[in-house]
Every structure is written in C-alpha cells, then in structure tokens.
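Residue numbers (UniProt numbering): 1 to 434.
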C-alpha cells in the first residue's frame with residue numbers, strides 16, 4: 001500500500017475524511033439524504049405539519065428542486081472517481097465513462113422537450129375554474145400534436161416557474177376540435193396556477209354556482225403563457241384492444257376515462273358515417289370500408305366515476321350530457337357515485353335512490369349531478385359490478401382500466417383476478433396511480 005499512501009501510516013481515520021475523496025463522498029451522501037427526505041409522501045404531499053418558516057421545505061416545489069441536486073452529485077462523483085486512492089493511471093479512472101452516456105441522454109431529452117414546446121405555441125380557447133378546486137384549460141390543438149385517448153402531456157406555466165413541468169391526463173378526444181386538461185388544485189404549483197387563472201375569469205352566466213369562466217380570442221382576458229410537451233403513453237390508451245372495457249376513475253382520476261368515452265362515441269359516429277356513405281355509393285363491401293370498421297373494436301364500455309363531493313359532478317357535466325345525447329346505440333353505461341358512509345344496497349342509500357328515480361323518471365335529469373346520468377349516494381359494490389359484467393359478456397376478454405388513488409385499486413385488482421379464474425370472462429387489469 002506504500003505506493004498509494006506513502007511511507008508513513010496515517011495517525012487516524014480522519015486523514016481519509018479530510019481528503020478530496022472523503023469530502024466529496026460526505027457531501028454526496030448529505031445531498032442524496034436531502035433529496036430522499038423531501039421525496040417522502042409527508043414532505044412531497046405536504047401532509048406533515050411544520051412551523052411556518054419551514055413551509056418552503058414541503059410540497060412539490062421542494063421535492064422538484066431537491067431532486068435536481070443530482071447535477072451536483074454527479075459532478076462530485078466524477079471528482080471522487082478522479083482522486084481514487086488505488087490508482088494513478090488516468091485510463092483506470094473510469095467513473096466518467098459510466099456517467100457520460102446517461103447524462104448525455106438526459107440532457108438531450110431536456111433539450112428536445114424545451115425546443116419541442118417552443119415550436120408548439122398554445123393558444124387558450126377557454127379557461128374554467130370549477131368548484132372543488134379544479135381548473136379546465138381548453139386549447140387549440142398545436143400543429144403536429146397527435147395523441148390517443150388515455151395519454152397524458154406535460155404542462156409548464158413560466159409565470160409560476162420557468163423550469164417545472166407537470167403531467168396531466170388529456171381529457172379531450174382526438175376527434176374533438178380542441179385539446180383540454182382538467183387540473184385539480186393539489187400542491188403549491190397547481191394552487192398558484194388555479195389562482196393565476198381565477199384572476200382573469202369571471203362568474204359563469206346562468207347562475208352556475210362557484211364556476212368562473214373566461215374565453216380567449218379577440219377579447220383575450222390576458223391568459224398566462226402555457227407551454228405543453230407530449231403526448232406520452234399511459235396504460236389507458238390500450239383500451240382499443242378490447243371489445244368490452246370497464247373504466248374506473250376516482251375523483252380527478254376520471255380524466256383519462258372521459259377522453260376514452262368521448263373517443264368511443266366519436267368512433268361510433270365515424271362508423272355510422274362510413275356505413276352511410278358506403279351504402280349511398282354502393283361500396284358497402286369495399287375492403288377499405290371494412291378495414292376502417294375493423295379498427296373500431298370496442299363495442300361496450302362501462303364507466304364508474306367515484307367522487308367524494310357532490311359539486312365535483314360540475315367538472316364534466318357538459319361532457320356527460322353530450323355523451324348521453326350522442327350515444328344512440330347505448331354503447332356507454334355511465335355511473336356516477338358520490339361516496340358516503342353507506343354501501344350500495346344500504347336502506348338509507350336505497351331511500352335516496354328511490355327519490356332520485358322518481359325525479360329522473362319525471363324530468364329525465366338527475367337532481368344530484370344535473371345531467372342525464374343517474375347518480376348514486378353510495379360506494380359501488382364492486383363485486384356486484386364484476387358479477388353483472390361477467391354474466392353479460394361470457395367468453396370475453398374485458399379490459400379493466402383504473403385511475404386514481406390506491407384506496408380502491410387493491411380490491412378491484414383482486415376481483416379482476418378472482419372472476420378471471422372462476423368464470424368464463426377474463427379481466428385484464430391496468431392501473432394508473434397519481
């Protein structure tokens with residue numbers, strides 16, 4: 001060891017810590033400990049109550065910025081490798097070689113995102129602030145932005161932060177005339193975004209309680225600049241592989257499911273137009289017509305939207321009414337659930353349901369959601385849901401798509417596995433947590 005440490009033996013271990021290797025190693029451990037701590041749910045989701053001066057160390061912003069300490073960590077790691085104890089030959093100090101490729105790939109990805117967002121200017125058509133802290137942004141579809149239902153994109157608002165990108169599911173469908181996202185206020189960045197748009201919005205006409213709205217165009221109210229990047233793939237985009245799908249969204253987790261439902265309706269309308277045109281032109285058996293129809297595989301969809309608050313139904317009220325009106329073939333079954341302490345089937349829930357049914361039969365509009373979709377004051381009986389779908393679609397492979405918190409995910413996944421093993425229908429479970 002003399003060639004590496006000299007003739008004299010170090011007096012104690014502090015000799016190692018005071019060197020370049022020791023100092024860089026300690027700093028790297030400290031920085032990684034900070035990033036790890038601020039990434040825990042207590043800090044990242046601000047569930048940990050801390051004194052006011054320390055609030056800045058909680059929330060998504062603290063998590064996001066602390067994770068960019070990796071730039072310093074990687075730089076220190078290269079220095080740490082250069083000053084290796086046991087070699088003096090430069091070509092044996094290979095730390096930089098292992099880091100060069102991943103760092104280059106990461107840098108390229110960030111540059112591509114920056115340039116791609118710059119060449120996709122976003123013009124906001126409409127902004128709506130709904131009750132329960134949800135912001136809906138409707139935009140022109142940028143040139144070249146091609147997406148599938150179920151996918152998501154990143155959104156940046158330079159007014160709030162010039163660096164932060166946040167992912168949100170796309171709620172519009174490819175056949176729609178605009179591009180939309182629904183953003184729930186949860187965390188510091190979304191709170192600021194909601195506040196910025198609330199300032200340029202005004203109370204909605206028609207007395208819609210708690211709804212603020214603003215339209216772009218010639219009378220631009222001064223929307224903040226928005227940049228987008230995407231789209232990116234997600235589990236829900238595979239719904240087209242199945243003839244039958246079960247869509248489950250908890251709270252704001254309904255966003256990708258709304259896009260899928262709209263896409264199915266648009267595809268059905270496209271199918272009707274193709275058939276009508278083919279019959280008129282006498283090309284009903286044409287190969288091209290048949291190929292287009294074969295691409296539209298999904299023939300039945302069951303959507304369950306579960307939310308805690310009754311006012312949440314305002315988020316997608318217009319979409320629900322639109323789907324109910326356009327769905328002439330009854331391809332989509334929509335079920336809205338406002339959770340309470342009661343299970344579905346409880347006597348108290350049954351009483352509420354009976355009163356709703358009387359009003360629905362009389363007016364055709366649900367008194368809770370103010371849509372054509374009947375709502376339930378209960379938690380869904382998931383076992384009964386799977387039982388009915390399994391009975392109605394024997395010998396079928398059914399796609400189950402779940403988006404939301406992990407609270408109900410375990411039960412739904414277990415039921416999908418159980419009914420797949422015990423019945424003729426097979427359930428493929430796909431999840432997306434946030």
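Backbone N, C-alpha and C define an ideal beta-carbon position, used for all residues, glycine too.
Worksheet entry | alpha helix (DSSP H) runs wholly inside the region 172-228, at least 4 long, in chain order | 188-200
Fill in: Span of the alpha helix (DSSP H) around residue 37
In the chain shown, residue 37 corresponds to position 37, counting from 1. Element bounds for residue 37: 20-39.
Worksheet item: Among all the DSSP beta bridges, which residues are the ones paired with residue 431?
Response: The residue given as residue 431 occupies position 431 in the chain shown. The partner list for residue 431 (beta bridge, DSSP) reads 402.
Fill in: Opening and closing residue of the alpha helix (DSSP H) in which residue 245 lies
The residue given as residue 245 occupies position 245 in the chain shown. No alpha helix (DSSP H) contains residue 245, which is instead part of the beta strand (DSSP E) from 244-250.
Practice prompt. Kindly indicate the opening and closing residues of the beta strand (DSSP E) around residue 169.
Written response: Against the chain shown, residue 169 aligns to sequence position 169. It spans 166-169 - the beta strand (DSSP E) in which residue 169 sits, taken as one unbroken run.
Fill in: Buried versus exposed, by CB contacts within 10 Å (16 or more), residue 380
Counted from its first residue, the chain shown places residue 380 at position 380. It is buried - the Cβ of residue 380 has at least 16 other Cβ atoms within 10 Å.
Discussion item. For residue 155, list the residues DSSP reports as bridge partners.
Written reply: Indexing the chain shown from 1 puts residue 155 at position 155. Note: residue 155 sits in a beta bridge opposite 166, 228.
Item to complete: List the whole-angstrom C-beta distance separating residue 61 from residue 133, where the pair is believed to meet the contact cut-off of C-beta under 8 Å.
Response: For this step, residue 61 is matched to residue 61 along the chain shown. For this step, residue 133 is matched to residue 133 along the chain shown. Not quite, the Cβ-Cβ distance comes to about 18 Å (not below 8 Å), so this is no contact.
Worksheet item: Is residue 36 buried or exposed, if buried means 16 or more other CB atoms sit within 10 Å of its CB?
Response: Position 36 of the chain shown, counted from the start, is the residue given in the question as residue 36. With fewer than 16 other Cβ atoms within 10 Å, it is exposed.
Worksheet item: What three-state label does DSSP hand residue 61 in the structure shown?
Response: Here residue 61 corresponds to residue number 61 of the chain shown, with the count starting at 1. Reduced to three states, the DSSP call for residue 61 is helix.
Worksheet item: Is there contact between the region 224-233 and the region 151-165, where contact requires at least three CB pairs shorter than 8 Å?
Response: yes
Worksheet entry | Rounded separation between residue 182 and residue 339 - CA only | For the purposes of this step, residue 182 is identified with residue 182 of the chain shown, where counting begins at 1. For the purposes of this step, residue 339 is identified with residue 339 of the chain shown, where counting begins at 1. Each residue's alpha carbon lies about 21 Å from the other.
Worksheet item: Which two residues bound the contiguous beta strand (DSSP E) that contains residue 300?
Response: For the purposes of this step, residue 300 is taken as the residue at position 300 of the chain shown. 300-307 is the span of the beta strand (DSSP E), which, as asked, contains residue 300.
Worksheet item: By Cβ distance below 7 Å, which residues in the same chain neighbour residue 64 in space, the five residues on each side in sequence not counted?
Response: Your numbering for residue 64 matches position 64 in the chain shown. For residue 64, where only same-chain residues beyond five positions count, the Cβ hits under 7 Å are 164.
Worksheet item: What span of residues does the beta strand (DSSP E) with residue 138 cover, start to end?
Response: What you label residue 138 is simply residue 138 of the chain shown in a count that begins at 1. That run of the beta strand (DSSP E) goes 134-139.
Fill in: Cβ shell of residue 24 (< 8 Å), same chain only, five flanking positions each side left out
To locate residue 24, count along the chain shown from 1; it is residue 24. Correct list, in chain order: 76, 77, 79, 80, 83.
Discussion item. Suppose you measure from the CA of residue 100 to the CA of residue 302; what does that come to, to the nearest Å?
Written reply: For the purposes of this step, residue 100 is taken as the residue at position 100 of the chain shown. For the purposes of this step, residue 302 is taken as the residue at position 302 of the chain shown. Answer to the nearest angstrom: the Cα atoms are 49 Å apart.
Practice prompt. Can you grab the Cα-Cα spacing for the pair residue 73 / residue 96, in whole Å?
Written response: Locating residue 73 in the chain shown gives position 73, counting from the first residue. Locating residue 96 in the chain shown gives position 96, counting from the first residue. Taking the straight line from one Cα to the other gives about 13 Å.
Worksheet entry | Segment limits, alpha helix (DSSP H) that includes residue 387 | In the chain shown, the residue the question calls residue 387 occupies position 387. Where residue 387 is concerned, the enclosing alpha helix (DSSP H) stretches over 382-392.
Discussion item. At the level of alpha carbons, what is the spacing between residue 335 and residue 304?
Written reply: Looking up residue 335 in the chain shown gives position 335. Looking up residue 304 in the chain shown gives position 304. Roughly 5 Å separates the two Cα atoms.
Fill in: Beta-carbon contacts of residue 415 that lie in its chain and below 7 Å, excluding the five residues immediately before and after
As a working note, residue 415 is residue 415 in the chain shown. Only 382, 383, 386 meet the Cβ criterion.
Worksheet item: Which one or two residues does DSSP pair with residue 397 in a beta bridge?
Response: In the chain shown, counting from the first residue as 1, residue 397 sits at position 397. Residue 397 pairs with 426.
Discussion item. Is it buried or exposed, residue 41, if we count other Cβ atoms within 10 angstroms and call 16 or more buried?
Written reply: Counting from 1 along the chain shown, the entry for residue 41 is found at position 41. Exposed: under 16 other Cβ atoms inside 10 Å.
Discussion item. Can you look up residue 160 in the DSSP assignment and give me helix, strand or coil?
Written reply: The residue you call residue 160 lines up with position 160 of the chain shown. Coil, per DSSP.
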